[in-house]
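Encoded as structure tokens, the structure appears first; notes follow it.
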Amino acid sequence: MSVETLYIGSDAVGALVRYTRDQGLRHFILVVDDRTWSALGEAAYAALTTDGADVRLARLAGEEVVADGERILELLLFSDSEPRTYIVVGSGTLTDLTRFVSYKLGRPFISLPTAPSVDAYTSSNAPIVVDRFKRTLEAQEPIAVFADLDVLCAAPPAMIASGVGDILGKYVSLADWRLGALLLGEAIDEDVVKAMYATLYSVADRVEAIGRGEPAAVAALMQALLNSGSAMARWVNSRPASGSEHHLSHFWEMLLLQEGRPAILHGAKVGVGTVLMARAYARLRSISRDNALARLARTAGRDAEEIRTLIYAGYGPLAEQVLADWVPVFPILGELWSQLQERLAEHWDEVQAVAADVPPPEVIVAQLQAAGAPTEPAQLGLTVLETDDALRYAHFMRDRFTVRWVERALGFQ
Ligand SMILES: [Zn+2]
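Note that this note's numbering has the sequence shown beginning at 5, numbered continuously upward.
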């Protein structure tokens, strides 16, 4: 399945009303929170009811909406016996909640994004917090997206900058994916890779204009975010758009959640993670083939025990949940490790070529700054220790191959 209609422009509510009429959709649940009600929700509600549609309003209360079990129940309570199409007015979290609930109820949903802040609008998975641990659960794509350009441009500048961070992260996620294909024979699709680079450059080339909030540039950012989400949905998992830079973001997010600290915008964390991983790629480029071979000889024979110990050290009470992903990998770990070592030695020049496609960290820093996005963990309120921990442990959160595994094979911690 894919999204049928993607609209980015003025009067998105008018386009929505025309669409629902054309599709014969007459019964809705309109999902909003206090903020998105005033941004666009009220206008959508008024336009749909004026058009004669039956609209049930699901207004989620409170300041910060988290996609967790409590909110899922809250949203479920708004459903009735009428088969309704969900319309969600909001950004990442509200959309993920609606994506999940509508999927479980077997109902379609329509997205009205209020900020170009994440690439998740058109994705099919929903990150939901279960037992204070974020899980990626199966859900569905929207049948249509109506993005109102005036609303997007009026979004808080930090949210627009967050979208830029999420897209610039693709420098790293695409390189990580290519390394996985090269070194572990992971499945990859060159057409998807090419399309994702085009999406990435469409934003990288416009960071100043996006930072100034120019409508055409903000529209290009929104288009890039929708493309990226669709690429993930087509690939079944998030591989094309999420690598080691996202692992750092997930690690920090989990940490804040555990400690009950306020959340940080997803793309802000991803942007900072991208700078850190661009440093890893720069370090990789500085290693000669001879040096690499000497390093590889010293790290032979890593085993499951070592990973288990590190996961316990890094994740404390959540270690068992993290380990669950690793249990199926452990029996073949020794084999994978020697394959990785062999192929690194054999394909060193190609590894260097992949690393060279990640711009130097100072270039990415300049791009993020032009868009008004943070570039250092301290700007996010994260300590040096929390940064070191993320670098040391974040890649264990998913069994996904990234540059951090290459670094481990080369003897970097
Ligand atoms: Zn992301």
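A virtual CB, placed ideally from N, CA and C, is assigned to each residue, including glycine.
| message | Measuring straight from C-alpha to C-alpha, what distance separates Asp403 and Asp329? | response | On the sequence shown, residue 403 is found 399 positions in, with the first residue counted as 1. On the sequence shown, residue 329 is found 325 positions in, with the first residue counted as 1. Rounded to the nearest angstrom, the two C-alpha atoms are 7 Å apart.
| request: Kindly identify the DSSP beta-bridge partner or partners of Thr89. | output: The sequence position of residue 89 within the sequence shown is 85, counting from 1. DSSP lists Phe32 as partners of Thr89.
| query | Contact between the segment 316 to 329 and the segment 349 to 368: three or more CB pairs below 8 Å? | reply | no
| query | If you draw a straight line from the alpha carbon of Glu78 to that of Glu411, how long is it in whole angstroms? | reply | Within the sequence shown, numbered from 1, the residue matching residue 78 stands at position 74. Within the sequence shown, numbered from 1, the residue matching residue 411 stands at position 407. Going from the Cα of Glu78 to the Cα of Glu411 covers about 44 Å.
| Residue range of the alpha helix (DSSP H) that Leu156 falls in? | Taking the sequence shown and counting its residues from 1, one reaches residue 156 at position 152. Note, Leu156: alpha helix (DSSP H), Leu153 to Cys157.
| field | CA-to-CA distance, Pro381 to Ser95, given in whole angstroms | value | For the purposes of this step, residue 95 is identified with residue 91 of the sequence shown, where counting begins at 1. For the purposes of this step, residue 381 is identified with residue 377 of the sequence shown, where counting begins at 1. Ser95 and Pro381: Cα-Cα distance of roughly 23 Å.
| Cβ neighbours of Ser115 in the same chain (closer than 7 Å, five flanking residues each side left out) | Residue 115 sits at position 111 when you count from the first residue of the sequence shown. Same-chain partners within the cutoff: Val92, Thr99, Tyr125, Pro146 and Val149.
| Helix, strand or coil at Asn129 according to DSSP, with G and I counted as helix | To locate residue 129, count along the sequence shown from 1; it is residue 125. If DSSP states are grouped into helix, strand and coil, Asn129 belongs with the strands.
| query | In chain order, what residues of the same chain have a beta carbon less than 6 Å from the beta carbon of Val333, not counting five sequence neighbours either side? | reply | In the sequence shown, the residue the question calls residue 333 occupies position 329. Correct list, in chain order: Asp403.
| So what does Lys198 bridge to, in DSSP terms? | Looking up residue 198 in the sequence shown gives position 194. DSSP lists no partner for Lys198.
| For Asp152 and Ala16, the rounded distance between their alpha carbons | Here residue 16 refers to the residue found at position 12 when the sequence shown is read from its first residue. Here residue 152 refers to the residue found at position 148 when the sequence shown is read from its first residue. Taking the straight line joining both Cα atoms gives about 5 Å.
| task | Using the DSSP secondary-structure output, state which residues sit across from Leu322 in a beta bridge. | result | Counting from 1 along the sequence shown, the entry for residue 322 is found at position 318. DSSP lists no partner for Leu322.
| said: With H, G and I counted as helix, E and B as strand and the rest as coil, what does DSSP make of Gly217? | reply: To locate residue 217, count along the sequence shown from 1; it is residue 213. The answer is coil: DSSP assigns Gly217 none of H, G, I, E or B.
| task | Specify, as a first and last residue, the run of the beta strand (DSSP E) that Arg136 falls within. | result | Taking the first residue of the sequence shown as 1, we reach residue 136 at position 132. No beta strand (DSSP E) holds Arg136; DSSP gives it neither H nor E.
| task | Tell me whether Leu420 sits in a helix, a strand or coil according to DSSP, three-state version. | result | Nothing about residue 420 can be read from this structure; the chain reaches only from 5 to 417.
| said: Let me confirm a value: Pro266 is counted as buried when at least 16 other C-beta atoms fall within 10 Å, else exposed. Which label applies? | reply: Start at 1 with the first residue of the sequence shown, and residue 266 comes out as number 262. Per the 10 Å Cβ criterion, exposed.
| query | Under a three-way DSSP split, which group does Ala62 fall into? | reply | Within the sequence shown, the letter at position 58 stands for residue 62. Strand at Ala62.
| request: State the Cα-Cα distance for the pair Thr303 and Leu314, rounded to the nearest angstrom. | output: Looking up residue 303 in the sequence shown gives position 299. Looking up residue 314 in the sequence shown gives position 310. If I take the Cα positions, the gap works out to 16 Å.
| message | Just to confirm before moving on: does the CB-CB distance between Gly167 and Leu252 stay below 8 Å? | response | As a position in the sequence shown, residue 167 is number 163, starting the count at 1. As a position in the sequence shown, residue 252 is number 248, starting the count at 1. No, Cβ-Cβ distance for Gly167 and Leu252 is not below 8 Å.
| Any idea which residues DSSP pairs Tyr49 with across the strands? | Within the sequence shown, residue 49 is the residue found at index 45, counting from 1. Its beta-bridge partners do not exist; DSSP assigns none.
| Thr9 - partner residues in DSSP beta bridges | Stepping through the sequence shown from its first residue, residue 9 is reached at position 5. Partner(s): Ala148.
| Taking Cβ positions, are Arg75 and Val69 nearer each other than 8 Å? | As a first step, residue 75 must be located in the sequence shown, where it is residue number 71. As a first step, residue 69 must be located in the sequence shown, where it is residue number 65. Taking 8 Å as the Cβ cut-off, Arg75 and Val69 qualify as a contacting pair.
| task | Give every residue of the same chain whose Cβ lies closer than 6 Å to the Cβ of Ala374, excluding the five residues on either side of it in the sequence, and list them in chain order. | result | Stepping through the sequence shown from its first residue, residue 374 is reached at position 370. Once the five neighbours on either side are set aside, the close Cβ partners of Ala374 are Val211, Glu212 and Gly215.
| Alpha-carbon to alpha-carbon, Val35 and Glu218 | Position 214 of the sequence shown holds residue 218. Position 31 of the sequence shown holds residue 35. Computed Cα separation, rounded: 29 Å.
| task | Pull up the distance between the alpha-carbon of Ser206 and that of Ala228, whole angstroms please. | result | Looking up residue 206 in the sequence shown gives position 202. Looking up residue 228 in the sequence shown gives position 224. Their backbone Cα atoms lie some 7 Å apart in a straight line.
| field | Same chain, Cβ closer than 6 Å to Arg408, five either side skipped, listed in chain order | value | Along the sequence shown, one-based indexing puts residue 408 at 404. These residues qualify, in order along the chain: Ser248 and His399.
| message | Pull the bridge partners of Phe113 from the DSSP assignment, please. | response | In the sequence shown, residue 113 corresponds to position 109, counting from 1. Its beta-bridge partners are Tyr90.
| message | So, for Phe137: in the same chain, excluding its five sequence neighbours on each side, which residues have a beta-carbon less than 6 Å away from its beta-carbon? | response | Taking the sequence shown and counting its residues from 1, one reaches residue 137 at position 133. Shown here for Phe137: same chain residues with a beta carbon closer than 6 Å to its own, the five before and five after excluded, namely Leu322 and Gln325 in chain order.
| task | Compute the beta-carbon to beta-carbon distance between Arg103 and Ala143, rounded to the nearest angstrom, for a pair I have assumed lies under 8 Å. | result | By 1-based counting over the sequence shown, the position of residue 103 is 99. By 1-based counting over the sequence shown, the position of residue 143 is 139. 4 Å between Cβ atoms; contact.
| 8 Å Cβ cutoff met for Pro131 and Thr118 | For the purposes of this step, residue 131 is identified with residue 127 of the sequence shown, where counting begins at 1. For the purposes of this step, residue 118 is identified with residue 114 of the sequence shown, where counting begins at 1. Judged by beta-carbon spacing, Thr118 lies beyond the 8 Å limit of Pro131, meaning their Cβ atoms are not closer than that value.
| Closer than 7 Å: Ser234 CB and nearest ligand 1 heavy atom | On the sequence shown, residue 234 is found 230 positions in, with the first residue counted as 1. Flag unset: Cβ of Ser234 not near ligand 1.
| field | Those residues which DSSP pairs with Asp422 across a bridge | value | Only positions 5 to 417 of the chain appear in the structure, and residue 422 is not among them; the question remains open.
| query | Where DSSP assigns a beta bridge to Asp72, which residues make up the other side? | reply | On the sequence shown, position 68 is the one that residue 72 refers to. According to DSSP, Asp72 bridges with Val133.
| task | Let me know the secondary structure DSSP gives Glu346 once reduced to three states. | result | Here the question's residue 346 lines up with position 342 in the sequence shown. Glu346: helix per DSSP, three-state reduction.
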